[in-house]
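**Student:** Please find one structure pasted underneath; my questions will follow.
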Amino acid sequence: MGTTKGPGQPGDEAGATAKAEGAARPPRKGGYALPAGLPAAVIPTSEAVINALPLPVITIGAEDRILHVNHAAESFFDHSARLMQRQRLADIIPFASPIIALVTDVRRRRASVSEYGVELVQPRSGQERSVDVFATPLGDDGEAVVLMLQERTIADKMNRQLTHRGAARSMIALGAMLAHEIKNPLAGIRGAAQLLEQSGSEDDRLLTRLICDESDRIVRIVERMELFGDERPVERGPVNVHGVLDQVKRSAQSGFARHIRFVETYDPSLPPVLGNRDQLIQIILNLVKNAAEAIGADTVDGEITLSTAFRTGLRLQVPGSRERVSLPIEVAVRDNGPGVSPDLLSDMFDPFVTTKAQGNGLGLALVAKIVGDHGGIVECDPVPRRTTFRLLLPMSSARDGRESSVESWNP
Numbered sequence: 584m585g586t587t588k589g590p591g592q593p594g595d596e597a598g599a600t601a602k603a604e605g606a607a608r609p610p611r612k613g614g615y616a617l618p619a620g621l622p623a624a625v626i627p628t629s630e631a632v633i634n635a636l637p638l639p640v641i642t643i644g645a646e647d648r649i650l651h652v653n654h655a656a657e658s659f660f661d662h663s664a665r666l667m668q669r670q671r672l673a674d675i676i677p678f679a680s681p682i683i684a685l686v687t688d689v690r691r692r693r694a695s696v697s698e699y700g701v702e703l704v705q706p707r708s709g710q711e712r713s714v715d716v717f718a719t720p721l722g723d724d725g726e727a728v729v730l731m732l733q734e735r736t737i738a739d740k741m742n743r744q745l746t747h748r749g750a751a752r753s754m755i756a757l758g759a760m761l762a763h764e765i766k767n768p769l770a771g772i773r774g775a776a777q778l779l780e781q782s783g784s785e786d787d788r789l790l791t792r793l794i795c796d797e798s799d800r801i802v803r804i805v806e807r808m809e810l811f812g813d814e815r816p817v818e819r820g821p822v823n824v825h826g827v828l829d830q831v832k833r834s835a836q837s838g839f840a841r842h843i844r845f846v847e848t849y850d851p852s853l854p855p856v857l858g859n860r861d862q863l864i865q866i867i868l869n870l871v872k873n874a875a876e877a878i879g880a881d882t883v884d885g886e887i888t889l890s891t892a893f894r895t896g897l898r899l900q901v902p903g904s905r906e907r908v909s910l911p912i913e914v915a916v917r918d919n920g921p922g923v924s925p926d927l928l929s930d931m932f933d934p935f936v937t938t939k940a941q942g943n944g945l946g947l948a949l950v951a952k953i954v955g956d957h958g959g960i961v962e963c964d965p966v967p968r969r970t971t972f973r974l975l976l977p978m979s980s981a982r983d984g985r986e987s988s989v990e991s992w993n994p
């Protein structure tokens, strides 16, 4: 027969306290303790938090089977979560990749391990990316590992942007010096050659004509370099970038790119760019001309893709101030040419870097200078048959700071 405790007997107070604590203990949802009085629907589940992360996150189990991926990982690997959960890590990452060894190291150490600047080639697309990898063990069984990847694109954009601006500053001083020290003597040389041409023989006239032609070519190069020294403020305002792209396409199709098919992939709701229309036409036309030259005049299936998109999350600090400017407008020019040599990739926006027999290597340097003047970024993704140049530009805002409105662009 059980013992019945009276109101004042020991244990009654403890039981009441336990009941009170149980009643006061907040409910739990998805592993989170909910604050008292807060509806359960307000607190996100752990899966919702993982899916909200902008970085790819993969959970690996025994035998390197993929247990879970977030939305960013689906986009990064171009696979659905359902498909990836039927695969092993080696199915989406090459077997010889350092990432495979990193997972093994985490299991052995039972501790977090990070590796930076890992080159990752995706088996499906063949695209090569540089990523920072963060791996940590999950649970006590020693098998589950969580991988988080951070593509180095954003950090590299910042570094390349600083490099491009440094190269542009060097060209400013060089262009000003050349304008004075070279153009004036060249004018005298050309004048003397023209005088000799009047009294020379036919063979002599061929030589004097060559002197004049080469003098004119040098002057044109110097004049292009003088553009780097033009530090006057450029008038900027709202620019419909689709109108710019349409004009560039029509100019190219009527001249150097008449044999190339153009594909347009535009976001019609894109807000206006804060820029100078003439300069934007100049740099995009330069990129399209480079793409056409990379494809070649004899190619029958040449294709250039012009695209726009709205990207969030990238902000760049304005030099000389604490202001940070958002660069959400992406304009891309992609061609199906042979691609850019890896040897040129790190220096391709520097002056006088070119692979063209008749090139002077100032085109991309001028693009980098003008984009930098706009507060933007230019980058190159040198994948063969899909080389892409991207411009990331600021969005125009109204005077009160609100986003400027622009009607959807119709071709």
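Heads up, the sequence shown is in this note's numbering, so the first residue is 584 and it goes up one at a time. Glycine included, each C-beta is placed from N, C-alpha and C at the ideal position.
1. Just how far apart, CA to CA, sit T719 and S697?
2. For a quick check, are the C-beta atoms of V824 and V914 less than 7 Å apart?
3. Following the continuous beta strand (DSSP E) through H651, name the residue where it begins and the one where it ends.
4. Quick check on the burial criterion: 16 or more other C-beta atoms within 10 angstroms. Buried or exposed for G614?
5. Which of the three DSSP states, helix, strand or coil, is assigned to F660?
6. Thinking just about the alpha-carbon of each residue, which of R690, L889, V704 is nearest to the one in E726?
7. For Q862, does the count of other Cβ atoms within 10 angstroms reach 16, so buried, or fall short, so exposed?
8. For the candidate residues K766, V817, S798, R833, whose alpha-carbon lies nearest to that of Q777?
9. Which same chain residues end up closer than 6 Å to C963 when comparing Cβ atoms and leaving out the 5 residues on each side of it in sequence?
10. Check whether the segment 943-958 and the segment 824-841 are in contact - that is, three or more C-beta pairs closer than 8 Å.
11. Can you look up D674 in the DSSP assignment and give me helix, strand or coil?
12. Mark G774 as exposed unless 16 or more other C-beta atoms lie within 10 angstroms of its C-beta, in which case mark it buried.
13. Give me the Cβ distance between I953 and Q865, rounded to the nearest whole Å; I'm assuming they're in contact under 8 Å.
14. Short of 6 Å in beta carbon distance, which residues of its chain neighbour V701, apart from the five on each side in sequence? Order them along the chain.
15. Please confirm whether A875 and A840 have their CB atoms less than 7 Å apart.
16. Which residues share a DSSP beta bridge with G820?
17. For T895 and G885, what's the separation of their Cα atoms in angstroms?
18. On a Cα-Cα basis, can you pick out the residue from V883, N873, T882, R968 that is closest to G920?
19. Name the two residues that bound the continuous beta strand (DSSP E) containing L732.
20. Would you mind working out which of I633, V871, I887 sits nearest T848, comparing C-alpha positions?
21. Assuming L732 contacts L638 (C-beta within less than 8 Å), just tell me the rounded distance between them.
22. What are the boundary residues of the alpha helix (DSSP H) that D964 is part of?
**Tutor:** Taking the definition as stated:
1. Indexing the sequence shown from 1 puts residue 719 at position 136. Indexing the sequence shown from 1 puts residue 697 at position 114. For T719 and S697, the distance between alpha carbons rounds to 9 Å.
2. The residue you call residue 824 lines up with position 241 of the sequence shown. The residue you call residue 914 lines up with position 331 of the sequence shown. Their beta carbons are under 7 Å apart, which means V824 touches V914 by this criterion.
3. As a first step, residue 651 is located in the sequence shown; it is residue number 68 there, counting from the start. Here the beta strand (DSSP E) through H651 covers 649-652.
4. Within the sequence shown, numbered from 1, the residue matching residue 614 stands at position 31. Any reading at G614 is ruled out, since the residue's pLDDT is 48, under 50, leaving its predicted position unreliable.
5. Here residue 660 is taken as the residue at index 77 of the sequence shown, counted from 1. Three-state DSSP puts F660 in a helix.
6. Indexing the sequence shown from 1 puts residue 726 at position 143. Closest by alpha carbon: R690.
7. To locate residue 862, count along the sequence shown from 1; it is residue 279. The residue is buried, with at least 16 neighbouring Cβ atoms inside 10 Å.
8. If you number the sequence shown from 1, residue 777 lands on position 194. Out of K766, V817, S798, R833, S798 has the C-alpha closest to the C-alpha of Q777.
9. By one-based count along the sequence shown, residue 963 stands at place 380. Taken in chain order, the residues that qualify are F972.
10. no
11. Residue 674 sits at position 91 when you count from the first residue of the sequence shown. Three-state DSSP puts D674 in a helix.
12. For the purposes of this step, residue 774 is taken as residue 191 along the sequence shown, with counting starting at 1. Per the 10 Å Cβ criterion, exposed.
13. One-based indexing of the sequence shown puts residue 953 at position 370. One-based indexing of the sequence shown puts residue 865 at position 282. Their Cβ separation, rounded to whole angstroms, is 7 Å, which keeps I953 and Q865 in contact under 8 Å.
14. Start at 1 with the first residue of the sequence shown, and residue 701 comes out as number 118. Here the set comprises P681, V714, V716.
15. For this step, residue 875 is matched to residue 292 along the sequence shown. For this step, residue 840 is matched to residue 257 along the sequence shown. Contact: yes.
16. As a working mapping, residue 820 is identified with position 237 in the sequence shown. Bridge partners of G820: G858.
17. Residue 895 sits at position 312 when you count from the first residue of the sequence shown. Residue 885 sits at position 302 when you count from the first residue of the sequence shown. If I take the Cα positions, the gap works out to 32 Å.
18. On the sequence shown, residue 920 is found 337 positions in, with the first residue counted as 1. The shortest C-alpha separation from G920 is found at R968.
19. Taking the sequence shown and counting its residues from 1, the one referred to as residue 732 is at position 149. 728-734 is the span of the beta strand (DSSP E), which, as asked, contains L732.
20. The residue you call residue 848 lines up with position 265 of the sequence shown. Here the closest residue by C-alpha is I887.
21. On the sequence shown, position 149 is the one that residue 732 refers to. On the sequence shown, position 55 is the one that residue 638 refers to. With 8 Å as the limit, L732 and L638 qualify as a contact, their Cβ atoms being about 6 Å apart.
22. Looking up residue 964 in the sequence shown gives position 381. First-last for D964: 960-964, but that is the beta strand (DSSP E), not the alpha helix (DSSP H).
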